[in-house]
């Protein structure tokens with residue numbers, strides 16, 4: 017009996033050693049190379065008017081086109097389905113002229129009517145992207161002037177209008193209507209199907225496992241990499257940072273997005289691995305509850321802001337971050353470096369504390385961060401250490417994201433301090449400035465419940481102004497005033513990082529993209 | 178026999194109802210707003226309301242409960258607010274992967290645990306006993322999450338023997354679905370290449386999942402064997418000159434297996450629960466992973482669905498253990 021056990025064990029060992037490891041991640045198919053992207057976040061619903069998380073939007077950008085597209089660093093709006101456009105003097109009417117050779121994957125031409133239908137669909141569904149335009153654009157305001165001209169009549173002048181259009185993808189009305197169920201605008205069908213005109217079409221779709229897109233050979237706009245065009249991209253779910261790192265090292269992924277700060281430092285030393293490290297637009301701030309509790313006191317807020325060790329924050333990211341010099345990120349239009357942005361100065365911190373209602377400190381403040389976000393927790397520890405000098409205790413509390421958002425929606429339940437990462441959706445300064453408008457109360461980025469009527473008024477004026485100089489002047493004043501009011505500890509801009517194999521070419525960074533989002537269109541594999 | 182079956186069925190129904198009520202209450206007490214989460218970070222209040230009303234989340238909680246229970250009676254597990262798909266469809270999609278993983282892990286636990294328990298009893302206080310003791314203590318003490326990552330680092334990255342995560346290579350086409358188990362389906366279709374691949378992918382998660390189970394089986398089996406080996410009938414068998422191998426492997430093992438069987442039944446349920454961790458580490462697309470991602474998104478219906486399914490499978494496993502008990506011990510059949 018014992019010899020048979022030994023035999024079985026030996027057989028198992030032989031079998032396991034016979035399993036061959038792949039030499040590279042990309043998969044060779046008859047049509048060409050398929051790139052493997054390792055990502056943490058699933059894509060439950062692909063419908064471009066319903067969801068736009070980073071992973072979802074990455075695939076949406078692959079299979080759909082929009083009138084315009086963000087490209088480059090700094091991000092700029094480039095013509096795409098629209099080859100040109102003009103605005104009326106009062107800023108109320110926008111007219112777009114479409115390219116004439118664009119076609120959907122089923123061969124239908126992309127017409128002005130398709131654009132009109134897509135915007136109408138987005139607005140009427142009132143989900144996902146609708147918030148970007150719904151206050152300024154009604155479905156009736158969109159007109160297909162002719163086959164290739166579409167006109168938008170806004171309800172009021174709205175300068176950031178163009179900056180949102182890259183996220184309004186155009187669907188083929190014929191395909192959507194053919195798949196409607198009970199007037200659902202094809203929502204059910206578009207969950208895991210597409211009706212787009214983008215460079216890729218959908219391949220295998222295995223929820224929670226992998227999502228494949230295959231390239232469209234005769235894509236109307238052509239391919240920047242020409243003959244090197246990949247056959248497709250597989251977005252493979254790899255949830256754990258450790259597993260992502262292992263997959264990259266073992267050659268099971270060509271590019272991954274979710275390693276820890278320490279992992280990036282370590283894996284940079286591995287031959288043939290390249291780290292993409294770029295200054296992002298995601299701001300990190302410790303937002304105070306400015307309406308209730310001790311942090312309603314501006315002097316206490318200032319004291320905390322001057323007690324914070326900002327360099328330690330950057331050190332937590334192993335240097336892959338830069339301090340905020342304004343509430344607006346550096347890559348944003350209209351950004352200025354605000355003078356007097358607090359940096360650690362204990363003398364000043366004590367002066368402000370003395371002026372506050374808590375001159376001796378002696379209080380405990382809650383610091384809430386998203387459970388599992390290690391860097392946010394460690395920033396909490398830095399805060400805890402720094403505030404000891406002011407005789408202030410910090411109670412660090414991890415919370416699940418939905419619970420944190422729910423608590424922060426109401427002044428009464430908002431914690432004293434909450435760590436918030438916020439990624440602006442566009443490069444227009446309004447995207448960040450509006451976070452400090454009173455209308456943003458209830459949103460996660462409005463968790464400070466900041467209320468300065470003068471700032472809200474300037475924000476309203478700036479989004480309605482059509483002249484950039486007027487807007488720039490207003491945004492400069494807005495930035496200075498927000499810093500003066502200190503609704504948060506202005507933290508840092510975390511770098512965006514990916515780790516990729518060196519043979520993966522065509523990676524382009526644009527700060528306006530979300531967390532791990534990559535433009536799949538220009539990617540290709542360089543083979544020796 | 179009929180009344181026994183009916184009683185059993187009633188108990189199952191009662192337990193399932195209890196699980197449904199309890200999980201509904203717990204998930205609804207938990208703070209968080211799934212509609213707001215799904216609507217996206219910038220959604221306005223009326224956009225959140227659109228989603229709330231679409232999923233009936235704007236109704237009073239008691240009304241939601243009544244509707245949910247009514248639907249449940251007709252086999253409707255509700256709709257996932259995150260994926261917008263019916264929960265039942267998703268359970269059917271993900272359950273086979275989990276059942277396959279748990280069964281392979283269970284098989285590993287039994288095939289390795291029982292003989293090792295037997296060996297350590299026979300060679301009590303010898304080197305084999307000491308080694309298996311270390312093994313079993315580690316099995317119970319090692320956190321699955323950490324152990325899984327360690328295994329990946331060693332066997333996948335360091336040695337390159339096995340894949341890091343997933344269920345099949347990316348370009349491999351899964352075999353036609355018959356049972357939902359890739360191992361069985363690939364064998365049925367005669368696709369041995371896919372079978373080999375599927376086997377290579379399941380080895381690491383199955384080992385990690387089976388380790389605590391293996392450890393418990395080993396310890397229980399060892400303890401029982403030691404006791405049985407000292408009993409009179411074994412002494413009598415030895416006196417009759419029956420070979421040691423036959424005494425241990427047949428006479429003693431059968432009697433020592435009863436408590437081990439009970440342990441297997443309990444461990445089955447425990448393993449189903451543990452898939453939550455193991456599937457996350459290995460990106461194994463089963464109900465454990467589905468439960469985690471749903472819970473993190475406050476998506477309640479899938480969480481209740483997974484709990485019900487795990488409860489149901491647990492009850493089935495324990496019923497099978499009861500039957501196996503009767504098969505092994507004829508006295509129980511009369512009782």
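Protein chains in written order, with my numbering: chain A, 17 to 544; chain B, 178 to 512. Virtual Cβ for every residue (Gly too), placed ideally from N, Cα, C.
Contact annotation for residue 254/A against chain B: 341, 342, 343 and 460 [CB-CB distance below 9 angstroms, chain order]. Across the structure, residue 336/B and residue 276/B are spaced so that their CA atoms are roughly 28 angstroms apart. For residue 307/B, the uninterrupted alpha helix (DSSP H) run begins and ends at 304-318, by DSSP. In the structure shown, residue 437/A adopts extended strand secondary structure according to DSSP, grouped into three states.
Annotation: residue 494/A to residue 390/A spans about 32 angstroms, alpha carbon to alpha carbon. Residue 296/A counts as buried, since at least 16 other C-beta atoms from the protein chains shown sit within 10 angstroms of its C-beta. Counting along the chain, the unbroken beta strand (DSSP E) around residue 86/A starts and ends at 84-87.
For residue 207/A, the nearest beta carbon of chain B is closer than 8 angstroms to its own beta carbon.
Residue 300/B has a beta carbon lying at 8 angstroms or more from every beta carbon in chain A. Assignment of residue 285/A by DSSP, reduced to helix, strand and coil, places it in the coil class. Chain order gives the chain A residues near residue 329/B as 258, 259 and 262, where near means a beta carbon separation below 8 angstroms. For the region 40-72 of chain A, residues whose beta-carbon sits nearer than 9 angstroms to a beta-carbon of chain B comprise 41, 43, 44, 45, 50, 52, 58, 60, 61, 63, 66, 67, 68 and 69. Rounded to whole angstroms, the separation of the alpha carbons of residue 320/B and residue 292/B is 24 angstroms. Within the region 353-386 of chain B, no run of beta strand (DSSP E) at least 3 residues long lies entirely inside it.
Taking the Cβ atoms as the reference, residue 288/A lies roughly 6 angstroms from residue 517/A, within the contact range of under 8 angstroms. Listed by position along chain A, the residues whose Cβ is nearer than 8 angstroms to that of residue 410/B form an empty set, because the closest Cβ is around 21 angstroms away.
Straight across, the Cα-Cα distance linking residue 224/A with residue 344/B is about 11 angstroms. Residues of chain A whose Cβ lies closer than 8 angstroms to the Cβ of residue 457/B are, in chain order, 255 and 256. In this chain, the alpha helix (DSSP H) harbouring residue 78/A covers 70-79. For residue 227/A, the pairing in a beta bridge is given by DSSP as 221/A and 251/A. For residue 470/B, the uninterrupted alpha helix (DSSP H) segment begins and ends at 464-473.
When rounded, the separation of the alpha-carbon atoms in residue 435/B and residue 498/B is 10 angstroms. Proximity of residue 144/A to chain B, defined by a Cβ-Cβ separation below 8 angstroms, is satisfied.
For residue 479/A, the enclosing alpha helix (DSSP H) begins and ends at 469-480. In the three-state scheme derived from DSSP, where H, G and I count as helix and E and B as strand, residue 509/A is classed as strand.
Between residue 480/B and residue 471/B, the C-beta gap is smaller than 8 angstroms, which places the two residues in contact. Judged by DSSP in its simplified three-state form, residue 328/B adopts helix. Between the region 518-526 of chain A and the region 321-341 of chain A there are fewer than three inter-stretch CB-CB distances shorter than 8 angstroms, so the stretches are not counted as touching. Against chain B, the CB of residue 460/A has a partner CB under 8 angstroms away; the residue lies at that interface. Pairwise C-beta distances place the region 470-489 of chain A out of contact with the region 231-238 of chain B, as fewer than three of them are shorter than 8 angstroms. Ranked by how close their Cα comes to the Cα of residue 468/B, the residues 294/B, 260/B, 288/B and 223/B have 260/B in first place. At a cut-off of 8 angstroms between beta carbons, residue 196/A makes no contact with chain B.
Interface residue (Cβ-Cβ distance to chain B less than 8 angstroms): residue 125/A is not classified as such. In terms of Cβ geometry, residue 168/A and residue 109/A form a close pair [threshold 8 angstroms].
Contact annotation, residue 418/A with residue 209/B: C-beta distance approximately 4 angstroms; criterion of less than 8 angstroms satisfied.
A Cβ of chain B is located within less than 8 angstroms of the beta carbon of residue 421/A.
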